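So in my numbering the end of the sequence shown lands on 516, straight run, no missing numbers.
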Amino acid sequence: TLSLYDMEPPASGKKRQERARRRCTSLWEDFQKRVSTKHDANQGAAANSSASTKASETATQQWAPLLLPLIRHDQTRQHAIQSLRKSQGIALVGQWEDSFVEQLAELNFAQNVATLSTRSLDEIIAMASSHVIDVIGTNLPMQWSTKKHAFVIDFDSNSMNDQDGSVSESTTAAIALDADGCMDLADKRYERDPKPLLPGCTCMACKDDKFTRCYIHHLIQAKEMIVDTLLFGHNLHHLLRLLRKFSSADDTDKLVKHLRSQMQKTDKQEES
Numbered sequence: 245t246l247s248l249y250d251m252e253p254p255a256s257g258k259k260r261q262e263r264a265r266r267r268c269t270s271l272w273e274d275f276q277k278r279v280s281t282k283h284d285a286n287q288g289a290a291a292n293s294s295a296s297t298k299a300s301e302t303a304t305q306q307w308a309p310l311l312l313p314l315i316r317h318d319q320t321r322q323h324a325i326q327s328l329r330k331s332q333g334i335a336l337v338g339q340w341e342d343s344f345v346e347q348l349a350e351l352n353f354a355q356n357v358a359t360l361s362t363r364s365l366d367e368i369i370a371m372a373s374s375h376v377i378d379v380i381g382t383n384l385p386m387q388w389s390t391k392k393h394a395f396v397i398d399f400d401s402n403s404m405n406d407q408d409g410s411v412s413e414s415t416t417a418a419i420a421l422d423a424d425g426c427m428d429l430a431d432k433r434y435e436r437d438p439k440p441l442l443p444g445c446t447c448m449a450c451k452d453d454k455f456t457r458c459y460i461h462h463l464i465q466a467k468e469m470i471v472d473t474l475l476f477g478h479n480l481h482h483l484l485r486l487l488r489k490f491s492s493a494d495d496t497d498k499l500v501k502h503l504r505s506q507m508q509k510t511d512k513q514e515e516s
């Protein structure tokens, strides 16, 4: 169960800020009380039942929410830590900032930490490389497909230079990518491009070269509904591959440098 709470923006007056803080504190206390009651009840059932393992697992299935701007407030942080003692993890709610990495590291949560939303690929890269976020929630694959964008940033090992992490011009980095590492298939430059969305990709759109860039461009111009399905499937597949790459990477810093060097190369024609 995820309990959300509200907070007035920083520009609000002191009285409204104080009322919001009280609401927040009240909800934290209610959450802590409910978790403690459920925990104690399950512990008692475990002591009088042969299903002790199942009962003890059930006792920790609630996640505590933490609104990201409030992580700086000592009182809210104390409520969060108290609630987390008997919860499975913490769910970060709100907009991400790079400064939160150090603050989360200082709190040193033993539980899983999840973020519910991300606004850009750069945020995902920051979270994945921070080693303090266990679950990353995002709807970017859907957003990209709605805008007719394909996520094609290259992170294969053979495209990474061992010397400085620079990107070869023969890779997909030479395509006109936006800040999220996507190319716009509605662009006329792809109307005669016979390549798949991403050479070597094994998603349903790319494998066997069934759906080329020029064909998907045609589908977009014809306003065919299948194009959103194809792009969403590809975007989700490739983003999951990227996250697996972070999980297995020996040098995370090198991978981050390689990715961001491609994200900076915008509006550049692909070389043949």
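Cβ atoms here follow ideal geometry from the backbone N, Cα and C, with glycine treated the same way.
For clarity, every value in this text was computed on a predicted model and none was experimentally measured.
Suppose you measure from the CA of residue i to the CA of residue j; what does that come to, to the nearest Å?
i    : j    : result
L336 : A372 : 15 Å
T496 : L442 : 23 Å
M448 : P440 : 11 Å
H461 : L475 : 11 Å
D472 : F399 : 24 Å
R436 : M427 : 15 Å
S374 : L348 : 10 Å
Q390 : G338 : Correcting the residue type first, residue 390 is Thr in the shown sequence and not Gln. Looking at the two C-alpha atoms, the distance is approximately 23 Å.
R263 : M386 : 37 Å
K432 : C445 : 23 Å
Ends of the beta strand (DSSP E) at residue i?
i    : result
G381 : Careful: G381 lies outside any beta strand (DSSP E) and carries neither H nor E.
A393 : According to the sequence displayed, residue 393 carries His and not Ala. Segment H393 to F395, the beta strand (DSSP E) holding H393.
Which term fits residue i, buried or exposed, when burial requires 16 or more other beta carbons within 10 angstroms of its beta carbon?
i    : result
I470 : exposed
S331 : buried
K392 : buried
L503 : buried
L206 : For the chain, the structure presents residues 245 to 516; residue 206 sits outside this window and is missing.
R488 : exposed
S484 : As written in the sequence, residue 484 is Leu, which differs from the Ser given in the question. So L484 ends up on the exposed side.
N479 : buried
A394 : buried
P438 : exposed
G381 : exposed
A308 : buried
T359 : buried
D424 : buried
E350 : exposed
E367 : buried
In three-state DSSP terms, what is residue i?
i    : result
T302 : With a pLDDT of only 45 at T302, under the threshold of 50, the placement of this residue in the model should not be trusted, and no figure is reported.
S414 : For S414, the predicted model reports a pLDDT of 39, less than 50, meaning its position is unreliable and no value from the coordinates is stated.
F455 : coil
G338 : coil
A449 : coil
L310 : strand
D428 : strand
A358 : strand
G333 : strand
What first and last residue would you give for the alpha helix (DSSP H) that runs through residue i?
i    : result
F344 : F344 to L351
A370 : L365 to S374
F490 : I470 to S492
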